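Following: one structure in structure tokens, then a few remarks.
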Amino acid sequence: MGQEEMTREEQIAAAMRTLENYVKALAERAGETEDYAGELWARIKESSGVLQELAYYHDYGKFLCKHQVAGYTLADILVWQVDHFKAYMDRHLDMNRYRQERLLLQSLDVMLQMEKDPSAFSEKMRSESGTDFVDKY
Numbered sequence: 002m003g004q005e006e007m008t009r010e011e012q013i014a015a016a017m018r019t020l021e022n023y024v025k026a027l028a029e030r031a032g033e034t035e036d037y038a039g040e041l042w043a044r045i046k047e048s049s050g051v052l053q054e055l056a057y058y059h060d061y062g063k064f065l066c067k068h069q070v071a072g073y074t075l076a077d078i079l080v081w082q083v084d085h086f087k088a089y090m091d092r093h094l095d096m097n098r099y100r101q102e103r104l105l106l107q108s109l110d111v112m113l114q115m116e117k118d119p120s121a122f123s124e125k126m127r128s129e130s131g132t133d134f135v136d137k138y
């Protein structure tokens, strides 16, 4: 059955399966469990904004940045995470250093958490930074 022969509902269901499999593949490459992927996917599909961001990233390999929570986009969250995790990246642990997938998944997770309570993360993003300035650690 070609794309033109599918009903709108069938197209949506196929797109959702594609995105679910994408989250599972990202999680596997990030060293996360199947349970983690399933739980994250369940939360993503409940958020139309995060779902749209994920779909755009899947299709184009870049952020749409249309969905915002407390003025922050997915790209803002990713930049904060990279800066925030510099303390870990500066060490010899490979927590996120070579795991782009993990950073993406964590950014999606943070955005979902921010939808529930943006204040905790907004404050962290304003006040926390990496190790690029004197006397941080």
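Note that this note's numbering has the sequence shown beginning at 2, numbered continuously upward.
Using N, Cα and C, we set each Cβ at its ideal position, and we do this for glycine too.
These numbers come from a predicted model, not from an experiment.
Test item: CB-CB of residue i and residue j under 9 Å
i: Leu75; j: His68; result: yes
i: Leu109; j: Leu65; result: no
i: Leu113; j: Val24; result: no
i: Ile45; j: Leu20; result: yes
i: Met17; j: Asp77; result: no
Spatially closest choice to residue i from the options, by CA coordinates
i: Gln107; options: Glu10, Asp118, Arg127 and Gln82; result: Gln82
i: Ala71; options: Glu47, Ser48, Lys117 and Ala14; result: Lys117
i: Arg100; options: Arg30, Gln12 and Ile13; result: Arg30
Alpha-carbon spacing of residue i relative to residue j, whole angstroms
i: Ala38; j: Glu6; result: 31 Å
i: Ser120; j: Tyr73; result: 12 Å
i: Asp36; j: Thr8; result: 31 Å
i: Gly32; j: Arg103; result: 8 Å
i: Tyr58; j: Phe122; result: 22 Å
i: Asn22; j: Trp42; result: 9 Å
i: Ser128; j: Val111; result: 16 Å
i: Ser49; j: Asp84; result: 27 Å
i: Lys63; j: Leu105; result: 11 Å
Item to check | Complete runs of the alpha helix (DSSP H) confined to the stretch 22-97 [at least 4 residues] | outcome: The stretch 22-97 contains these whole alpha helix (DSSP H) runs: 35-45, 49-61, 75-85 and 87-90.
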